[in-house]
Amino acid sequence: MKAAVLDFPGSNCDFDMYYALIDFGIDAKIIDARQSNLDDYDAIFLPGGFSYGDYLRAGAIARFAPAMEAVKKAADQGRFVVGICNGFQILTEAGLLPGALRMNAKAGFICDQVLLNVENDNSLFTKNLYRQQLLLPIAHAGGNYYADQETLTKLHANRQIIFTYQDNPNGSIDDIAGIVNEKGNVFGVMPHPERAVDPLLGNIDGRPFFESILQTSGVLN
Amino acid sequence: MSIAANPQLKSAEEVKSERIYAQWGLTDQEFKIIENEMGRLPNYTETGLFSAMWSEHASYKKSKPILKTFWSKNERVLQGPGEGAGILDIGDGQAVVFKAESHNHPSQVEPYQGAATGVGGILRDIFSMGAQPIAVLDSLRFSEIKNEQTKSLIDGVIDGIAGYGNAIGIPTVGGDVAFDDAYEGNLLCNVMSIGLLDHQDTIKVGQAHGKDNSVIYVGAKTGRDGINGATFASTEFSSQEESQRSAVQVGDPFMEKLVMDATIKAVREMPEAVIAIQDMGAAGILSSSSEMGEKGGSGIWLDLDKVPVREKGMIPYELMLSESQERMLLVVAQGREKGVIDLYRDAGLDAVVIGKVTDDSRYRLSFQGETVADLDIKLLTKAPSYKLPSKLPVHIKKASQQQYQPKISNPLQIIMQILSQPTISSKKFFYRHFDSMVRTDTVVKPGGDAAVIRIRGTKKALSLTTDVNGRYVYLDPYRGGQMAIAEAARNVVSTGALPIGITDCLNFGNPDNQEVYYELEQSVAGINNFAKQLNTPVVSGNVSLYNETDNRAIYPTPMIGMVGLIRDNRKITTINFKKNGDLIYLIGSTGNDFNGSEIQKLQTGKISGKLFDFDADAELNNQKLILTAIEAGLLKSAHDLSEGGLIVALLESAFETSFAFDANLKLDDAQLFAETNGRFIVTVEPEKEPVFEKMAGDQAELIGRVTDRNHFQIKTDQSSFSIDKEEATKTWKNSIANLME
């Protein structure tokens, strides 16, 4: 499968994502977010970082990048769209995922590894999970997920909540760490699965995420 | 030649008669040298240029005679001191680039921006060599956490490091933090950065060559921030003065990320076009351009009307001495300018030709069509250097020759007190704010002896640490200097790495004080002595003097940043116990070494007396044993002993694991806390006991076993007691959070 990793000015996990994808044999390319055509790609990844410096609300400027029109198109066509950390923030700002990410309840950037509950192991992004709990790195200052009651009810009803925190690090409502859109092909998550794929770095709990994508797309059976 | 006189500015005669130069930090004698050498009076602008270039911060005029003594050459050294950063060969055509820099004064005045721009500045030093920065470490010193002011300084520094490092996406992987009232009013914020060069042939140095090649300004626009910061950093603080804030710059990590990525790209894609690069750090455009010209044996001509500015009406003095951040100066081959400029512009950055390299060894500035400065570039960049008088500090002369003897009636209680000292307790409260994992190369994260970064695509990894114990250096500058580098080496060795080189930040008081100069001279001699024995050349560094408030100097704190090389990443070793039943060995013998120790501070409220001995041979032999044993696959864990002694190292090896230990020690209770150098604790699988013991001989002593119990069991010559693991862990983990809240 062909994957694009979008590079917004200020993205800084673009190479981390690129290397993780390559590691799984995925044909990945880093694509400048000024590019407006992403028709060639089966999956589009919006990586972590501080797009445009994040001096405004995180993701508030990035959503106007030329590539975002192409991301919307991909989402509409049912291709994979994945936003991690800053990428998740951009997807909510762009309206491709419901809700918003606010500054952490206790102010400040947190870098740690946290335990996640797998709330839905049947999504396109989790079907290859072999257990109900994952340890994944987090690194964010604005990971406090918020949605109004109506949205939350829908998220629960449609099983759009994929991961929740066991010990909520940022104040997210209902401990939400990652969600999909209604159709299930757009995924946003604050923790970093791409930082947990290499045994040398001591954590491989991110691998099932990539394996699920491969399985869904028929590359892995 | 006519030099324009700006009517609003002081004339050359007024600069002299009103001693304007003295306000900018030049002495009468220095001004006389300038006047004599030039054969005329320097004008306002020229005097400003000299004041910045001849400041201690830019010229090292007072420390240079000492810095020259640093040993900085061996088979690995590709670039020693004098450039943006030092460079060592790590094989396969690759090189490691590293340097440390202090941002003490700015961080004391405006902690967030001071620390943030400290990170930004050292990163520019690394990528100005053409290298990709791969890690940052911070060495911090604060006063004891006892009032709101200290807390806000600490918070500001931590947030500033996080704010800049996290955003630019270079992981903050380690460092060291200690607390002592000696740093009251003068915190230390030292930042070390490490970069990687994949191809040694793309090394860039800051040397301007080739007549008519272009000087290109890239990055952020110039404003009136940080004007004459170099002079600011070369004076002491007074609690009476509140007006120093304008000398601190404001950082923009987003801008720097663009500059960094574009600069690395320019070097990789156009190595022949980019002749030289230098970061605009202290003394901004001035120091970068004049130093590049002088080092390249060239002259420089700049047209100041071309400098991108964000404020109107800036005069040459301001343009030249501004320390606006995120700016770089490039020398680009004549005819190749467009390619380089286009590359930067594509990244949304300013890139403008502002001058030329000349062959007349002059430093000339044009402004609004007039020449506003015309100086001999050597005179400008070569401040007179001073070998200052030194004398043995009175407190050393009068020091008691006896070692302090701790009074231990209840060892458990003392252990809990030691664990709650902020210098000893877990620093996670701070480092959890730093992104230590971005770039996905961090194998050993903060909390170990040294951080370890793998080099992708190879089996190699780099081990990185910063260390110094200012209390030791205060009691004995020479031995304290030896111990600083010895501890750094123990940390690196514990991860399985061969120490290969060091950088330093020499943080001292006012060098005009003879006792301070003695500390500087002797600690450098001590560092040098042990650096040679370790074969770790000093390839870069920085000096921060005048760390005094109201005539009270900090402890002499020569921070050592060390890089170690791991050939096979499967051999990377950490401090944590790994398995129930593993054998625990103590490497190295323990003396009654307490002067300058954490326990002396705890029990007497101060440190005093003659510093204990440093056994260089034992240190080297024990380090060698650790490396050999790791290489042979015999060690499951390794941890060096430092502040707090054996008991702290044992507990630290268990805190972050599901294990505890039983220890049976042939020591008295006080020796649990002795800080004898050259020691480690290691664990070995029971099956490997004979092989390890044969290798180690009398350097190792079996002291216990790893257990899976919920308490630590300890027996000494004097007592037997147990420590509840949960309670001890809580004390160690929460102490700083409790103090900060």
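Those protein sequences? They're chains A and B, same order as listed.
Following our numbering, the numbering of the first sequence begins with 38 at its first residue and continues without gaps.
Following our numbering, the numbering of the second sequence begins with 114 at its first residue and continues without gaps.
Beta carbons are placed, not taken as given, at the ideal position from N, Cα and C, and that holds for glycine.
Self-check item: Short-range partners of chain B found in the region 165-184 of chain A, where Cβ spacing is below 7 angstroms
Solution: For the region 165-184 of chain A, the beta-carbon criterion of a distance under 7 angstroms to any beta-carbon of chain B is satisfied by 174, 176.
Practice problem: Please list the segments of the alpha helix (DSSP H) lying wholly inside the region 486-523 of chain B, counting only runs of 4 or more residues, in order along the chain. | Solution: The region 486-523 of chain B contains these whole alpha helix (DSSP H) runs: 490-494, 507-510.
Quiz item: Which whole-angstrom value is the C-beta distance of residue 43 of chain A and residue 83 of chain A, which I expect to be below 8 angstroms?
Solution: That belief holds up - the Cβ atoms of residue 43 of chain A and residue 83 of chain A are roughly 5 angstroms apart, short of 8 angstroms.
Quiz prompt | Own chain, CB closer than 6 angstroms to residue 762 of chain B, minus 5 neighbours either side, in chain order | solution = So the qualifying residues of the chain are 752, 754, 794.
Self-check item: Three-state secondary structure (DSSP) of residue 87 of chain A
Solution: Residue 87 of chain A falls in the coil class under three-state DSSP.
Quiz prompt | Reduced DSSP secondary structure (H/G/I, E/B, other) of residue 218 of chain B | solution = Correct three-state label for residue 218 of chain B: helix.
Exercise. Could you please give the first and the last residue of the uninterrupted beta strand (DSSP E) stretch that includes residue 752 of chain B?
Key: Taken as a continuous stretch (DSSP letters only), the beta strand (DSSP E) holding residue 752 of chain B covers 750-753.
Self-check item: Complete beta strand (DSSP E) runs within the region 165-229 of chain B (minimum length 3 residues, chain order)
Solution: Inside the region 165-229 of chain B, DSSP marks whole beta strand (DSSP E) runs of 3 or more residues at positions 190-192, 199-202, 208-215, from first to last along the chain.
Quiz item: So is residue 167 of chain A buried or exposed if we call it buried at 16+ other beta carbons inside 10 Å?
Solution: Exposed: under 16 other Cβ atoms inside 10 Å.
Exercise. Sort B:618, B:224, B:722, B:371 by Cα distance to residue 66 of chain B and report the nearest one.
Key: Because chain B in this structure spans residues 114 to 854, residue 66 of chain B falls outside the shown range and cannot be described.
Practice problem: Within the same chain, show all residues whose beta-carbon is closer than 6 angstroms to that of residue 357 of chain B, passing over the 5 residues directly before and after it, in chain order. | Solution: Low confidence applies here, because residue 357 of chain B scores a pLDDT of 48, under 50, leaving its location unreliable and the question unanswered by this model.
Quiz item: Does DSSP put residue 756 of chain B in a helix, a strand or coil?
Solution: If DSSP states are grouped into helix, strand and coil, residue 756 of chain B belongs with coil.
Quiz item: Along chain B, in chain order, which residues have C-beta atoms closer than 7 angstroms to that of residue 232 of chain A?
Solution: Here the neighbours are 550, 553.
Self-check item: Boundaries of the beta strand (DSSP E) in which residue 39 of chain A is found, first to last residue
Solution: Note, residue 39 of chain A: beta strand (DSSP E), 39-44.
Self-check item: Three-state class that DSSP yields for residue 92 of chain A in the structure shown
Solution: The answer is coil: DSSP assigns residue 92 of chain A none of H, G, I, E or B.
Exercise. On a CA-only basis, which of B:778, B:590, B:600 is nearest residue 621 of chain B? Give me that one, please.
Key: Each of B:778, B:590, B:600 was checked against the Cα of residue 621 of chain B, and the nearest Cα belongs to B:590.
Self-check item: Nonlocal neighbours in the same chain, by C-beta distance under 6 angstroms from residue 398 of chain B, ignoring five residues either side
Solution: The beta carbon of residue 398 of chain B is closer than 6 angstroms to those of 433 in its chain, skipping five residues each way along the sequence.
Self-check item: Cβ-based burial, residue 613 of chain B [other Cβ within 10 Å; buried from 16]
Solution: Under this definition residue 613 of chain B is a buried residue.
Practice problem: State yes or no: is the C-beta of residue 219 of chain A within less than 8 angstroms of the C-beta of residue 195 of chain A? | Solution: If you check the CB distance, residue 219 of chain A and residue 195 of chain A come in under 8 angstroms.
Quiz item: Apart from the five residues on each side of it in sequence, which residues of its chain come closer than 8 angstroms, Cβ to Cβ, to residue 189 of chain A?
Solution: Answer for residue 189 of chain A: 210, 211, listed in chain order.
Quiz prompt | Spatial neighbours of residue 135 of chain B in its chain, beta-carbon cut-off 6 angstroms, leaving aside the 5 residues before and after | solution = If we look at residue 135 of chain B and ignore the five residues flanking it on each side, it has no Cβ neighbours.
Quiz item: Is DSSP giving residue 716 of chain B helix, strand or coil here?
Solution: Here residue 716 of chain B sits in helix by DSSP.
Exercise. Would you list the one or two residues that DSSP bridges to residue 818 of chain B?
Key: Residue pairing from DSSP places residue 818 of chain B in a beta bridge opposite B:696, B:775.
Practice problem: Give every residue of the same chain whose Cβ lies closer than 6 angstroms to the Cβ of residue 759 of chain B, excluding the five residues on either side of it in the sequence, and list them in chain order. | Solution: Here residue 759 of chain B has 785 as same chain residues with Cβ atoms under 6 angstroms from its own Cβ, once five neighbours each way along the sequence are excluded.
Practice problem: Compare the beta carbon distance of residue 38 of chain A and residue 68 of chain A with 8 angstroms and say whether it is the shorter of the two. | Solution: Contact flag unset, no.
Self-check item: Other residues of its chain near residue 49 of chain A: CB distance less than 6 angstroms, five sequence neighbours each side excluded
Solution: The beta carbon of residue 49 of chain A sits closer than 6 angstroms to the beta carbons of 86 from its chain, once the five residues preceding and following it are set aside; these are given in chain order.
Quiz item: What residue ranges within the region 49-76 of chain A form continuous beta strand (DSSP E) runs of no fewer than 3 residues, ordered along the chain?
Solution: Assignment of beta strand (DSSP E) within the region 49-76 of chain A, counting only whole runs of 3 or more residues, yields 64-69 in chain order.
Self-check item: CB contact check: residue 251 of chain A to chain B, cutoff 8 angstroms
Solution: With its beta carbon at least 8 angstroms from every one in chain B, residue 251 of chain A lies outside the interface.
Quiz item: Between the region 634-652 of chain B and the region 183-194 of chain B, do at least 3 Cβ pairs fall closer than 8 angstroms?
Solution: Touching, yes, given that three or more Cβ pairs across the two stretches are closer than 8 angstroms.
Self-check item: Amino acids of chain B, ordered along the chain, whose beta-carbon sits closer than 9 angstroms to that of residue 50 of chain A
Solution: The contacting residues are 282, 551, 552, 553.
Quiz item: If you scan the region 554-613 of chain B from start to end, which runs of the beta strand (DSSP E) of 3 or more residues do you find wholly inside it?
Solution: For the region 554-613 of chain B, whole beta strand (DSSP E) runs of length 3 or above, ordered along the chain, are 555-557, 564-567, 574-580.
Quiz item: Roughly how many angstroms lie between the CA atoms of residue 727 of chain B and residue 645 of chain B, to the nearest whole one?
Solution: Each residue's Cα considered, the two are about 16 angstroms apart.
Quiz item: If residue 608 of chain B sits next to residue 677 of chain B, beta carbons under 8 angstroms apart, how far is it from one beta carbon to the other, in whole angstroms?
Solution: So it is a contact: roughly 7 angstroms between Cβ atoms.
Quiz item: When you check each C-beta in the region 83-101 of chain A against every C-beta of chain B, which residues fall closer than 8 angstroms?
Solution: Sequence-ordered contacts of the region 83-101 of chain A with chain B read 85, 86, 87, 89, 90, 91, 92 [C-beta pairs closer than 8 angstroms].
Quiz prompt | Distance, residue 431 of chain B Cα to residue 424 of chain B Cα | solution = Our two residues, residue 424 of chain B and residue 431 of chain B, have alpha carbons roughly 11 angstroms apart in a direct line.
Quiz item: For residue 818 of chain B, which of B:696, B:764, B:381 has the nearest alpha-carbon?
Solution: Out of B:696, B:764, B:381, B:696 has the C-alpha closest to the C-alpha of residue 818 of chain B.
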